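Participant: Pasting a structure below so you can have a look.
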Ligand code: HEM
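Laid out in structure tokens, this is it:
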């Protein structure tokens with residue numbers, strides 16, 4: 001137990017315990033969580049408690065009024081009151097169902113076709129011998145989906161990508177509460193809301209707003225008194241479409257593509273499935289690849305009332321109101337109880353994965369994500385001669401920030 005032995009050598013309140021945890025998380029997160037699942041499924045550290053087994057992860061994410069989302073301080077001043085910043089509130093009940101109704105299930109095939117065309121065109125314009133996946137497609141595809149399918153055109157690509165980056169970086173990647181990230185998030189959200197308000201004024205009268213995109217549907221529904229949203233709530237929900245879509249999709253495309261290309265046998269299988277346009281077989285490879293480097297290994301929750309994690313189990317742990325829980329969705333996807341032989345790369349049922357969260361806050365855009373992530377990767381793998389570069393030249397480069405900024409691969413050989 002190399003991690004736990006080193007951890008237990010430190011006094012319980014020593015902040016170095018948290019440093020050690022982060023060091024292992026960076027160095028070998030799968031080995032770290034393997035040890036935790038086996039020997040310390042609930043690990044209290046000074047700033048947060050880590051939960052690593054499937055059953056405890058889904059239990060916590062199911063009990064959302066006890067284990068609440070922590071995002072309000074990072075969302076309210078930026079995009080306004082939003083479903084992902086609330087628990088047991090009208091935004092969860094009403095906004096999610098309204099937004100699900102305007103993100104229509106029947107639209108998914110057309111959204112997948114849009115992703116295919118955007119990706120294929122962009123990749124065709126990238127001259128061999130290399131292509132930067134991030135600069136060429138992984139942000140562009142979700143951006144075009146937001147603009148064209150969701151119906152939030154924005155002023156231009158650059159503003160939208162900046163709003164997306166600044167809001168995501170603070171809302172989901174600022175555990176130390178860096179005030180500069182918070183300020184940039186608030187500025188971005190306020191600019192975005194101002195732009196959306198002006199845009200929506202040009203769409204009056206909303207009753208007869210033309211268009212089969214999500215925003216046009218939302219306007220017609222609202223103007224006809226059916227959504228229950230007021231104008232500012234409409235604005236916040238439109239902003240949420242951009243915030244949710246871009247960096248998440250981009251990171252997933254990059255991470256899964258790399259995991260496929262790291263395995264020659266899987267690359268060969270994926271290229272064969274991509275060529276046959278066999279969606280089910282191809283997509284299964286993508287979701288499994290993403291398990292080995294998921295979009296995020298954690299989501300955070302804050303305890304709202306005296307509570308017990310893993311009640312009735314040998315590792316049950318009482319947690320006090322205000323404590324933070326690092327809910328290990330990445331670890332849960334290696335729990336052998338649900339993912340037998342977890343270190344093996346194999347096709348598994350898609351509904352077992354936690355890539356898009358679980359429970360009341362499960363991703364609003366999940367079915368769009370299930371279409372555009374694999375479709376973009378399919379287009380990348382269809383490039384002749386697609387491969388990782390020698391040495392570490394294809395290493396995913398985060399540029400010191402939280403997201404993939406460059407991922408350069410070879411093609412055209
Ligand atoms: C494609 C466009 C997307 C949109 C519009 C979107 C939007 C959203 C929204 C609005 C929520 C909050 C739902 C709620 O509070 O009830 C959410 C949650 C979530 N989304 Fe997405 N999302 C998208 C793509 C993705 C992708 C690609 C991933 C990962 C691969 C992802 C992962 C998640 C996760 C993990 C959560 C749960 C967060 C938590 O429980 O704290 N999303 N998404």
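Numbering (full-length UniProt numbering), first residue to last: 1 to 413.
Cβ coordinates follow ideal geometry from the N, Cα and C atoms, glycine included.
Bear in mind the structure is a predicted one, so any value in this text is a computation, not a measurement.
For residue 152 versus residue 242, is the C-beta distance shorter than 7 angstroms?
Facilitator: Cβ distance < 7 angstroms, so residue 152 and residue 242 count as in contact.
Participant: Could you pull out every residue in the same chain whose Cβ sits closer than 6 angstroms to the Cβ of residue 169, ignoring the five residues on either side in sequence?
Facilitator: These residues qualify, in order along the chain: 181, 402.
Participant: Under the DSSP definition of a beta bridge, which residues are partnered with residue 387?
Facilitator: DSSP lists 410 as partners of residue 387.
Participant: For the segment 382 to 395 and the segment 243 to 261, state whether three or more C-beta atom pairs, one from each stretch, are separated by less than 8 angstroms.
Facilitator: The segment 382 to 395, when compared against the segment 243 to 261, does touch it at the 8 angstroms Cβ threshold.
Participant: With a floor of 4 residues, list each alpha helix (DSSP H) that falls wholly inside the segment 61 to 102, ordered by position along the chain.
Facilitator: Here the runs fully enclosed are 72 to 75, 96 to 102.
Participant: Enumerate in chain order the residues of its own chain whose CB-to-CB distance from residue 207 is below 8 angstroms, with the five nearest sequence positions on each side excluded.
Facilitator: 220, 223, 224.
Participant: Should residue 50 be counted as a contact of the ligand HEM given a C-beta to heavy atom distance under 6 angstroms?
Facilitator: No - the ligand HEM has no heavy atom lying nearer than 6 angstroms to the Cβ of residue 50.
Participant: Who are the near neighbours of residue 338 in its chain, counting only those whose CB is closer than 7 angstroms to its CB and skipping five residues on each side?
Facilitator: Result list for residue 338: 54, 352, in chain order.
Participant: When burial is assigned at 16 or more other CB atoms within 10 Å of the CB, is residue 198 buried or exposed?
Facilitator: Exposed, by the Cβ-count rule.
Participant: Among residues of its own chain, excluding the 5 on either side of residue 281, which ones have a beta-carbon nearer than 7 angstroms to its beta-carbon?
Facilitator: Within the same chain, residue 281 has close Cβ partners 273.
Participant: With C-beta atoms as the reference, is residue 270 less than 7 angstroms away from residue 381?
Facilitator: Yes, the Cβ-Cβ distance between residue 270 and residue 381 is below 7 angstroms.
Participant: When we look at the beta-carbon of residue 49 and count the other beta-carbons within 10 Å, is it buried (16 or more) or exposed?
Facilitator: Counting Cβ neighbours within 10 Å, residue 49 comes out buried, since at least 16 surround it.
Participant: Would you say the beta carbon of residue 167 comes nearer than 6 angstroms to a heavy atom of the ligand HEM?
Facilitator: Incorrect: residue 167 has no Cβ contact closer than 6 angstroms to the ligand HEM.
Participant: Identify the continuous alpha helix (DSSP H) that holds residue 309 and give its terminal residues.
Facilitator: Premise fails: residue 309 lies in the beta strand (DSSP E), 307 to 309, not in any alpha helix (DSSP H).
Participant: Could you give the residue range of the alpha helix (DSSP H) that holds residue 318?
Facilitator: Segment 317 to 319 is the beta strand (DSSP E) holding residue 318; no alpha helix (DSSP H) there.
Participant: Less than 6 angstroms between the CB of residue 171 and some heavy atom of the ligand HEM, yes or no?
Facilitator: No; taking the cut-off as 6 angstroms, the Cβ of residue 171 has no heavy atom of the ligand HEM nearer than that.
Participant: Does the ligand HEM have even one heavy atom less than 6 angstroms from the beta-carbon of residue 113?
Facilitator: False, no ligand heavy atom lies under 6 angstroms from that Cβ.
Participant: What number of angstroms, rounded off, separates the C-alpha of residue 285 from the C-alpha of residue 19?
Facilitator: Their backbone Cα atoms lie some 34 angstroms apart in a straight line.
Participant: CB-CB under 6 angstroms to residue 96, same chain, minus the five flanking residues each way: which ones, in chain order?
Facilitator: Hits under 6 angstroms: 83.
Participant: Between the beta-carbon of residue 359 and the beta-carbon of residue 62, is there less than 7 angstroms?
Facilitator: Cβ atoms of residue 359 and residue 62: closer than 7 angstroms.
Participant: Residue 107 by DSSP, collapsed to three states: which one?
Facilitator: Residue 107: helix per DSSP, three-state reduction.
Participant: Roughly how far, in whole angstroms, is the beta-carbon of residue 333 from the beta-carbon of residue 301, given that I think they are within contact range, below 8 angstroms?
Facilitator: With a Cβ gap of about 18 angstroms, residue 333 and residue 301 do not count as contacting.
Participant: Indicate the three-state DSSP secondary structure (helix, strand or coil) for residue 230 in the structure shown.
Facilitator: Coil at residue 230, not helix or strand.
Participant: Mind pulling the alpha helix (DSSP H) runs of 4 or more residues that sit fully within the segment 164 to 213?
Facilitator: Qualifying alpha helix (DSSP H) stretches, in chain order: 179 to 202.
Participant: Check for me: the alpha helix (DSSP H) holding residue 332 runs from which residue to which?
Facilitator: Taken as a continuous stretch (DSSP letters only), the alpha helix (DSSP H) holding residue 332 covers 329 to 332.
Participant: Are the beta-carbon atoms belonging to residue 35 and residue 75 less than 7 angstroms from one another?
Facilitator: Not closer than 7 angstroms, so no.
Participant: Identify whether residue 156 lies in helix, strand or coil by the three-state DSSP scheme.
Facilitator: Coil.
Participant: Under the rule that 16 or more other beta-carbon atoms within 10 Å means buried, what is residue 39, buried or exposed?
Facilitator: Exposed, by the Cβ-count rule.
Participant: In terms of residues, what are the limits of the beta strand (DSSP E) holding residue 130?
Facilitator: Run containing residue 130: 130 to 132, per the beta strand (DSSP E) assignment.
Participant: Where does the unbroken alpha helix (DSSP H) through residue 376 begin, and where does it stop?
Facilitator: Residues 366 to 381.
Participant: Does at least one heavy atom of the ligand HEM sit under 6 angstroms from the Cβ of residue 365?
Facilitator: Yes, since a heavy atom of the ligand HEM falls inside the 6 angstroms radius drawn around the Cβ of residue 365.
Participant: Shortest alpha-carbon distance to residue 52 belongs to which of 397, 343, 400, 298?
Facilitator: Nearest option by C-alpha distance: 298.
Participant: I'd like to confirm something about residue 187: is its beta-carbon nearer than 6 angstroms to some heavy atom of the ligand HEM, or not?
Facilitator: No, the ligand HEM has no heavy atom inside 6 angstroms of this Cβ.
Participant: If residue 164 and residue 246 are in contact, beta carbons under 8 angstroms, what's the gap, nearest whole angstrom?
Facilitator: Yes, residue 164 and residue 246 are in contact; Cβ-Cβ is about 4 angstroms, under 8 angstroms.
Participant: Can you determine whether any heavy atom of the ligand HEM sits closer than 6 angstroms to the C-beta of residue 332, and answer yes or no?
Facilitator: Checking the Cβ of residue 332 against the ligand HEM gives no.
Participant: So the candidates are 103, 244, 303; which of them puts its Cα closest to the Cα of residue 70?
Facilitator: Per the Cα distances, 303.
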